[in-house]
DNA sequence: GTCTATAGATAGATAGAC
DNA sequence: GTCTATCTATCTATAGAC
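Protein chains in written order, with our numbering: chain A, 950 to 1170; chain B, 950 to 1170.
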C-alpha cells in the first residue's frame, strides 16, 4: 500500500500491481460472498488467482483488511450506480416509484453484494466502522430521495411524514429481504422469491406499497 | 439421540440428558448467533456449559448437527409464539395491523434468531433443507394471514391482489431488515434503526404501509 | 455418561531466496 | 514483486479410562 500503482502497459505483461490487486479483489469477493468471512479461505482465494497467497498479504496485509477492501469496492459500485440515477425530471410519484424499481433491479443483479452486507452485519459492521473510505462514502440515492420527498410533501401529494432515511430503509428492506432471505423463505414456505416468473409481480408490489404509503389519506391529515 | 430422554427428578441432580442438551443448545444459540457457523467454536460452547466438548459430540454428533438443532429450536419458539396469535376477532384492517405489530415486536425481542436466519441464508439454508422437523413445521401466522386476507378481499376492503405469502414477505422484510441490517445501516447512514426512541414510529410506519398497500384505490379496480 | 488427552487436519501468516 | 517451503496456532473430532 506504500508504493504508487503503476499504469498498465498494454502488450507488455509485467509487474502490474493494480491488475493483480483487482484480480484478487474479484476472487475474494466471490469467496467471501460464498462462504462468509470465517468460512472463506485465503488459500482458496490465492489458488483461483494468477498470483500467490504471499501477494495477498503483500498487498492487503491480511484476511481482515482484504475483506474490508472487498466491501469498499462493493459499496463503491453501488454508489456509482446511484450517481447514474435520473429520476428527478419525473413527478414525485413517478420518481419514487422509478427509484424503488431501480433499487429492486440493482439488488437482484448483485446477490454477492447482498451476501457481503449480511456477512458484515453478522460482524456488527466492524469493517465499515474501521474504514475511512466507507465512513465518508455517503449515498447519492439518499439525496435524491430527500429532494423528491420534499417536493412531494410540499405539494401535498405525499401525506406521510417519513423522512428520506425512513423511506430508503423501507425500499431497501423489501429489496434486500427478497434476495438475502430467499433460501430460508423458500425452504420454509415453498416459494422462490426471486423466481423470474414472479419478478414483475414483486417489482410492482414494491412500487405500489411505497406509493400507497406515501399518498394514503390519513385521519390526522 | 437413541436413548429416551429422562424426566427431570427435582432435587436429585443426576444424569439429566434433557437438561444438559438444553443447556448446550442455549449456549450454542448464543455462540452461533454471535460469530456465525464457521466463526463459532465448539470449544467455546463447551467451556460455557457445565458439561464438556465430548458431550456435545455425544448428544448431537457434530457441529453441523448442533447448528441444525439450534435452528430447529429457534424456529420452534417462533411457531409457538405464532400459535398464540389472537387477531381474528378483529376486523381485517385491525387484524392485519395487529399481526404486523406482533411480528415487529417478536423480531425486536429475538435478535439472536434474526442472526441465525441470516447465517443460515449465507449457507443457502442447507440445514433447514436437511432437517425433517423444519420441513414440516409450517407457519400458523401464514394461516392467520390467509384467512384475514380472504375476508378483507371478499368484503372489498382490500383491493390488492397479494396472497398470504406475499404479505408475509412484505411484513417480515421490514421487521427483519430493521434488526438484521442495523449495523451496516447505522454505520453508513448514521441512524440506529432499533433506537427505542424511534420504535413507535417504525412500528406505526409498518402498519400504515401494509394497510395503505392493501386498501389503496387502484386504477384497474 | 463423563472426563483427560490427543489425534489429524488445516487455517492464517511469514521467512527468505531470487 | 514473486516464488516455495514452512511455522505456529487452532480447530473439529475421537480414543480410551473410569
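All C-beta atoms in this analysis are idealised placements derived from N, C-alpha and C, irrespective of residue type, glycine included.
Task: DSSP state of residue 966 of chain B mapped onto helix, strand, coil - done: Here residue 966 of chain B is taken as the residue at index 17 of the second chain, counted from 1. It is helical.
Open item on the list: Going by beta-carbon coordinates alone, are residue 1091 of chain A and residue 1113 of chain A separated by less than 8 Å?
Closed with: Residue numbering aside, residue 1091 of chain A sits at position 142 when the first chain is read from its first letter. Residue numbering aside, residue 1113 of chain A sits at position 164 when the first chain is read from its first letter. Yes, these two residues count as a Cβ contact at 8 Å.
- [ ] Specify whether the region 1027 to 1045 of chain A and the region 1092 to 1105 of chain B touch according to this definition: at least 3 beta carbon pairs, one from each stretch, less than 8 Å apart.
- [x] In short, these stretches do not touch, since the Cβ pair count stays below three.
Task: Neighbour list for residue 1061 of chain B in chain A, Cβ cutoff strictly below 7 Å - done: On the second chain, residue 1061 of chain B is found 112 positions in, with the first residue counted as 1. Those do not exist, as residue 1061 of chain B stays about 12 Å from chain A at its closest Cβ, beyond 7 Å.
Open item on the list: So if I threshold CB-CB distances at 8 Å, which residues from the region 1128 to 1147 of chain A count as touching chain B?
Closed with: Residues of the region 1128 to 1147 of chain A that bring their beta carbon within less than 8 Å of a beta carbon in chain B comprise 1129, 1130, 1131, 1132, 1133, 1134, 1135, 1136, 1137, 1138, 1140 and 1142, in sequence order.
Open item on the list: Against residue 1114 of chain B, what residues of chain A qualify as contacts under a CB-to-CB distance less than 8 Å, listed in chain order?
Closed with: What you label residue 1114 of chain B is simply residue 165 of the second chain in a count that begins at 1. 1138 and 1140, listed in chain order.
Task: DSSP-derived helix/strand/coil call for residue 1080 of chain B - done: Against the second chain, residue 1080 of chain B aligns to sequence position 131. If DSSP states are grouped into helix, strand and coil, residue 1080 of chain B belongs with coil.
Task: Cβ neighbour criterion (16 or more within 10 Å) applied to residue 1044 of chain B - done: Here residue 1044 of chain B refers to the residue found at position 95 of the second chain. Result: buried.
Task: When A/1067, A/994 and A/1116 are compared against residue 1046 of chain A, the one with the closest alpha-carbon - done: Taking the first residue of the first chain as 1, we reach residue 1046 of chain A at position 97. Closest by alpha carbon: A/1116.
TODO: From the DSSP output, in three-state form, read off residue 1132 of chain B for me.
DONE: Translated into the one-based positions of the second chain, residue 1132 of chain B becomes position 183. Residue state, collapsed to three classes: helix.
TODO: Could you tell me whether the region 1051 to 1065 of chain B touches the region 1122 to 1141 of chain A, where touching means 3 or more Cβ pairs closer than 8 Å?
DONE: These segments do not touch.
TODO: Output the boundary residues of the alpha helix (DSSP H) element that contains residue 1107 of chain B.
DONE: Locating residue 1107 of chain B in the second chain gives position 158, where the first residue counts as 1. Here residue 1107 of chain B belongs to no alpha helix (DSSP H), and DSSP marks it neither H nor E.
Open item on the list: Strictly below 9 Å CB to CB, what residues from chain A border residue 1091 of chain B?
Closed with: Looking up residue 1091 of chain B in the second chain gives position 142. Counting only Cβ-Cβ distances below 9 Å, residue 1091 of chain B has contacts in chain A at 1138, in chain order.
Task: Counted within 10 angstroms of its Cβ, other Cβ atoms place residue 1025 of chain A as buried (16 or more) or exposed - done: Taking the first chain and counting its residues from 1, one reaches residue 1025 of chain A at position 76. Under a 10 Å Cβ-count criterion, residue 1025 of chain A is classified as exposed, with fewer than 16 other Cβ atoms of the shown protein chains found around its own Cβ.
Open item on the list: Let me see if you follow: with CB-CB separation under 8 Å, is residue 1154 of chain B close to chain A or not?
Closed with: Locating residue 1154 of chain B in the second chain gives position 205, where the first residue counts as 1. Yes, residue 1154 of chain B counts as interfacial toward chain A.
Task: Close-in-space but distant-in-sequence residues of the same chain around residue 952 of chain B (CB under 6 Å, 5 per side omitted) - done: In the second chain, residue 952 of chain B corresponds to position 3, counting from 1. Residue confidence is low: residue 952 of chain B scores 41 on pLDDT, short of 50, so the model does not pin down where it sits. No coordinate-derived value is stated.
Task: Any alpha helix (DSSP H) of 4 or more consecutive residues that is wholly inside the region 1046 to 1098 of chain B - done: Whole alpha helix (DSSP H) segments, 4+ residues: 1060 to 1071, 1075 to 1079 and 1081 to 1084.
Open item on the list: Once DSSP output is grouped into helix, strand and coil, what is the label at residue 1031 of chain A?
Closed with: Position 82 of the first chain, counting from 1, holds the residue named residue 1031 of chain A. Helix at residue 1031 of chain A.
TODO: Give the straight-line distance between the Cα atoms of residue 1056 of chain B and residue 1032 of chain B, rounded to the nearest whole angstrom.
DONE: In the second chain, residue 1056 of chain B corresponds to position 107, counting from 1. In the second chain, residue 1032 of chain B corresponds to position 83, counting from 1. Approximately 16 Å between the Cα atoms of the pair.
TODO: Could you tell me whether the region 1008 to 1024 of chain A touches the region 1073 to 1080 of chain A, using the rule of 3 or more Cβ pairs below 8 Å?
DONE: The answer is yes - the region 1073 to 1080 of chain A touches the region 1008 to 1024 of chain A, with three or more Cβ pairs under 8 Å.
Open item on the list: Please report the straight-line C-alpha distance between residue 1168 of chain A and residue 1157 of chain B, rounded to a whole angstrom.
Closed with: One-based indexing of the first chain puts residue 1168 of chain A at position 219. One-based indexing of the second chain puts residue 1157 of chain B at position 208. Our two residues, residue 1168 of chain A and residue 1157 of chain B, have alpha carbons roughly 11 Å apart in a direct line.
Open item on the list: Suppose contacts are defined by Cβ-Cβ distances below 8 Å. Is residue 1161 of chain B in contact with residue 1151 of chain A by that definition?
Closed with: By 1-based counting over the second chain, the position of residue 1161 of chain B is 212. By 1-based counting over the first chain, the position of residue 1151 of chain A is 202. Taking 8 Å as the Cβ cut-off, residue 1161 of chain B and residue 1151 of chain A do not qualify as a contacting pair.
Task: Presumed contact (8 Å Cβ cut-off) between residue 1070 of chain A and residue 1132 of chain B, rounded CB distance - done: Walking along the first chain from the start, residue 1070 of chain A turns up at place 121. Walking along the second chain from the start, residue 1132 of chain B turns up at place 183. Rounded, the Cβ-Cβ distance is 5 Å, consistent with contact.
Open item on the list: I believe residue 1086 of chain A touches residue 1022 of chain A by the beta-carbon criterion, under 8 Å. Please report the beta-carbon distance rounded to the nearest angstrom.
Closed with: Position 137 of the first chain, counted from the first residue, corresponds to residue 1086 of chain A. Position 73 of the first chain, counted from the first residue, corresponds to residue 1022 of chain A. With 8 Å as the limit, residue 1086 of chain A and residue 1022 of chain A do not qualify as a contact, their Cβ atoms being about 11 Å apart.
TODO: Compute the Euclidean distance between the alpha carbons of residue 1104 of chain A and residue 1066 of chain A, then round it to the nearest angstrom.
DONE: Taking the first chain and counting its residues from 1, one reaches residue 1104 of chain A at position 155. Taking the first chain and counting its residues from 1, one reaches residue 1066 of chain A at position 117. Our two residues, residue 1104 of chain A and residue 1066 of chain A, have alpha carbons roughly 36 Å apart in a direct line.
- [ ] Going by CA-CA distance only, name the one from A/1058, A/1007, A/1041 and A/1068 that's closest to residue 1020 of chain A.
- [x] Locating residue 1020 of chain A in the first chain gives position 71, counting from the first residue. For residue 1020 of chain A, the nearest C-alpha among the options comes from A/1068.
- [ ] Can you check the region 979 to 1047 of chain A for any alpha helix (DSSP H) of at least 4 residues that lies completely inside it and give the ranges in chain order?
- [x] For the region 979 to 1047 of chain A, whole alpha helix (DSSP H) runs of length 4 or above, ordered along the chain, are 991 to 996, 1002 to 1009 and 1012 to 1032.
Task: Nearest to residue 1139 of chain A (by Cα), restricted to the options B/1088, B/979, B/982 and B/970 - done: Here the question's residue 1139 of chain A lines up with position 190 in the first chain. Ranking the options by Cα distance to residue 1139 of chain A, first place goes to B/1088.
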